[in-house]
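Enquirer: I have a structure I would like to understand better, so I am pasting it below and will then ask my questions one at a time.
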Ligand code: BG6
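In the UniProt record's numbering, the protein residues as written are 1 to 507.
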């Protein structure tokens, strides 16, 4: 919240934000996300001194573990995946507050044990009754877990203590189910108690989109239909689905990442300047722009879904999606999706936004490329500019975080030839500060009650509204196109851009 003193606000923002007395309960603590991201993030936060001394971590899962087994698991996860160096004194302190509760999600006794465990930690660790519940569970269990929290009085905020729910994506699998889920969640938690995670919003480079656009004068004047030809948002992964068949099959690439990560990137790229950098103002602008997104009429020509076939990747033979363990051999799930969208407002009318994502592509890269129109007139003859591409500003979200500006420059020599060059900003070279992992930042925000980086109900629903007709169209129209693992997706996706006289960037 901002005060009437802007100078003090600015100073406050520079101070490290440290969570007050609190604890985190992770449901689904034996899962991949918890081991690779959540547990290491908690340790890294502690190591950076951003958690209170008595911070507590409760794991809830079916596994027959004692507290010590759970602590061992966290220890292994931290050793393997934490980003900050291991320090025994930090670990010792953190492990004091670790507890494990064994049970199924429909097991009332387990929820009573959870309640007692939280009370015990309040007394032993001084957590003050403040707990966040992280639902790192398959989406079908969201309603049950939330209802169990209510039934056992765990969502009640008594005596000044807070309770918050953190819900992983996907939030529903279409608009109807998202609305139903919302109703269930809001029967238990008030809107300000609910934090829907979209971990892309916790990435440093994603937050930098707003800084780049609104803290500078240089970019915003050309950030519109008068100068921009089109925008390409790419999230490419080289990995396959790994051990996630149970989650992924039937969900697919578009629901897994376009509905959330890519549409959030689109919203941040296309939205108007928010009145303030706070949750309400940000949500208002993102909602407005998502509400203005329009699907082209012919979905057959403006969307492509694909599925990876066997191929070579990183020097090794990779199996096709249908041969992955746990996948239905007749599955039509998309592991690649490309979609053309338009934004029906004054700034963007007629500028296509091309979104694409895929697993088992050439390499892991996420970027937003704002591609500008060609110069309206050139004094050089055509042979001089033959090799010149279009100017582009590329926000490199990962892995090589930074920003690239591509423009034409004269090739040294006596003849006149203009070729593309680039000007690069790389985080690693300009800053010595290390950026926290997305989950670190978001977990800390939950503990602080800061909702800036969490999508609101309206954003989630609008995103489903965009995707639903596409999914329905795909359901009715045949099978996904095949693409060889290690390539850049199906040829149909290249054709889609070629029809518009454009081509995908090869990042
Ligand atoms: C998750 C998706 O949200 O994002 C995964 O469910 C995907 O399928 C992952 O692999 C990618 O995240 P990142 O941060 O590695 O780009």
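Glycine included, every Cβ here is placed at the ideal spot set by N, Cα and C.
Just so you know, these numbers come straight off a predicted model, no measurement behind them.
So residue 115 packs on residue 152, CB below 8 Å; how close in whole Å?
Expert: Numbered from 1 along the chain shown, position 115 holds the residue referred to as residue 115. Numbered from 1 along the chain shown, position 152 holds the residue referred to as residue 152. Contact holds; Cβ gap of about 6 Å.
Enquirer: If you drop the 5 nearest sequence neighbours on each side, which residues of the same chain put their C-beta closer than 8 Å to that of residue 7?
Expert: Here residue 7 refers to the residue found at position 7 when the chain shown is read from its first residue. Note that residue 7 scores a pLDDT of 46, beneath 50, so its modelled location is shaky and nothing firm can be said.
Enquirer: With burial defined as no fewer than 16 other Cβ atoms inside 10 Å of the residue's Cβ, what is the status of residue 485: buried or exposed?
Expert: On the chain shown, position 485 is the one that residue 485 refers to. So residue 485 counts as buried.
Enquirer: Closer than 8 Å by C-beta to residue 469: which residues in its own chain qualify, once you throw out the five before and the five after it? Chain order, please.
Expert: Locating residue 469 in the chain shown gives position 469, counting from the first residue. So the qualifying residues of the chain are 295, 299.
Enquirer: Between residue 384 and residue 501, what straight-line distance do the alpha-carbon atoms span, to the nearest angstrom?
Expert: Along the chain shown, one-based indexing puts residue 384 at 384. Along the chain shown, one-based indexing puts residue 501 at 501. Spanning the two alpha carbons is a distance of roughly 22 Å.
Enquirer: How would you call residue 221, buried or exposed, if buried means at least 16 neighbouring beta carbons within 10 angstroms?
Expert: In the chain shown, residue 221 corresponds to position 221, counting from 1. Under this definition residue 221 is an exposed residue.
Enquirer: By Cβ distance below 6 Å, which residues in the same chain neighbour residue 506 in space, the five residues on each side in sequence not counted?
Expert: As a working note, residue 506 is residue 506 in the chain shown. None.
Enquirer: Does the distance from the C-beta atom of residue 483 to that of residue 338 stay below 8 Å?
Expert: As a working note, residue 483 is residue 483 in the chain shown. As a working note, residue 338 is residue 338 in the chain shown. In this structure, residue 338 does not lie closer than 8 Å to residue 483 by Cβ.
Enquirer: Are residue 251 and residue 199 closer than 8 Å when you measure CB to CB?
Expert: Mapped onto the chain shown, residue 251 falls at position 251. Mapped onto the chain shown, residue 199 falls at position 199. No, they are not a contact pair.
Enquirer: Just checking my contact of residue 306 with residue 489 at CB under 8 Å: how many whole Å lie between their CB atoms?
Expert: Residue mapping note: residue 306 aligns to position 306 of the chain shown, counting from 1. Residue mapping note: residue 489 aligns to position 489 of the chain shown, counting from 1. With a Cβ gap of about 6 Å, residue 306 and residue 489 count as contacting.
Enquirer: Check whether the Cβ of residue 366 lies closer than 7 Å to any heavy atom of ligand 1, and answer yes or no.
Expert: Reading the chain shown from its first residue, position 366 is the one you call residue 366. Yes, ligand 1 has a heavy atom inside 7 Å of this Cβ.
Enquirer: Please report the straight-line C-alpha distance between residue 62 and residue 74, rounded to a whole angstrom.
Expert: For this step, residue 62 is matched to residue 62 along the chain shown. For this step, residue 74 is matched to residue 74 along the chain shown. Going by the C-alpha atoms only, they are around 16 Å apart.
Enquirer: Going by DSSP, what residue range makes up the alpha helix (DSSP H) through residue 118?
Expert: Numbered from its first residue, the chain shown carries residue 118 at position 118. Counting along the chain, the alpha helix (DSSP H) containing residue 118 begins and ends at 108–125.
Enquirer: Would you tell me roughly how many angstroms separate the C-alpha atoms of residue 354 and residue 262, rounded to the nearest one?
Expert: On the chain shown, residue 354 is found 354 positions in, with the first residue counted as 1. On the chain shown, residue 262 is found 262 positions in, with the first residue counted as 1. Answer to the nearest angstrom: the Cα atoms are 10 Å apart.
Enquirer: Quick check: the Cα distance between residue 473 and residue 302, rounded to an integer number of angstroms?
Expert: Translated into positions along the chain shown, residue 473 becomes position 473. Translated into positions along the chain shown, residue 302 becomes position 302. So the two alpha carbons sit approximately 11 Å from each other.
Enquirer: Residue 422 by DSSP, collapsed to three states: which one?
Expert: Walking along the chain shown from the start, residue 422 turns up at place 422. Correct three-state label for residue 422: strand.
Enquirer: Given this structure, state the Cα-to-Cα distance separating residue 66 from residue 29, to the nearest angstrom.
Expert: Looking up residue 66 in the chain shown gives position 66. Looking up residue 29 in the chain shown gives position 29. Distance between the alpha carbons of residue 66 and residue 29: 13 Å.
Enquirer: Between residue 287 and residue 209, which are expected to be in contact by the criterion C-beta below 8 Å, what is the C-beta distance as a whole number of angstroms?
Expert: Here residue 287 refers to the residue found at position 287 when the chain shown is read from its first residue. Here residue 209 refers to the residue found at position 209 when the chain shown is read from its first residue. Not a contact, Cβ separation roughly 17 Å.
Enquirer: Evaluate contact between the segment 240–251 and the segment 379–394, counting only Cβ atoms and requiring at least three cross-stretch pairs below 8 Å.
Expert: Taking 8 Å as the limit for Cβ pairs, the verdict is that the segment 379–394 does not touch the segment 240–251.
Enquirer: Buried or exposed: residue 129, going by 16 or more other Cβ atoms within 10 Å of its Cβ?
Expert: Your numbering for residue 129 matches position 129 in the chain shown. With 16 or more other Cβ atoms within 10 Å, it is buried.
Enquirer: Under the DSSP definition of a beta bridge, which residues are partnered with residue 356?
Expert: If you number the chain shown from 1, residue 356 lands on position 356. The partner list for residue 356 (beta bridge, DSSP) reads 234, 338.
Enquirer: Quick check: the Cα distance between residue 423 and residue 404, rounded to an integer number of angstroms?
Expert: Within the chain shown, numbered from 1, the residue matching residue 423 stands at position 423. Within the chain shown, numbered from 1, the residue matching residue 404 stands at position 404. Near 6 Å, if we compare the C-alpha coordinates of residue 404 and residue 423.
Enquirer: Relative to the alpha-carbon of residue 253, which residue among 186, 375, 237, 266 has its alpha-carbon at the smallest distance?
Expert: Working through the chain shown from its first residue, we reach residue 253 at position 253. When each option's Cα is compared against that of residue 253, the closest is 237.
Enquirer: So what's residue 294 in DSSP terms, helix, strand or just coil?
Expert: For the purposes of this step, residue 294 is taken as residue 294 along the chain shown, with counting starting at 1. Residue state, collapsed to three classes: strand.
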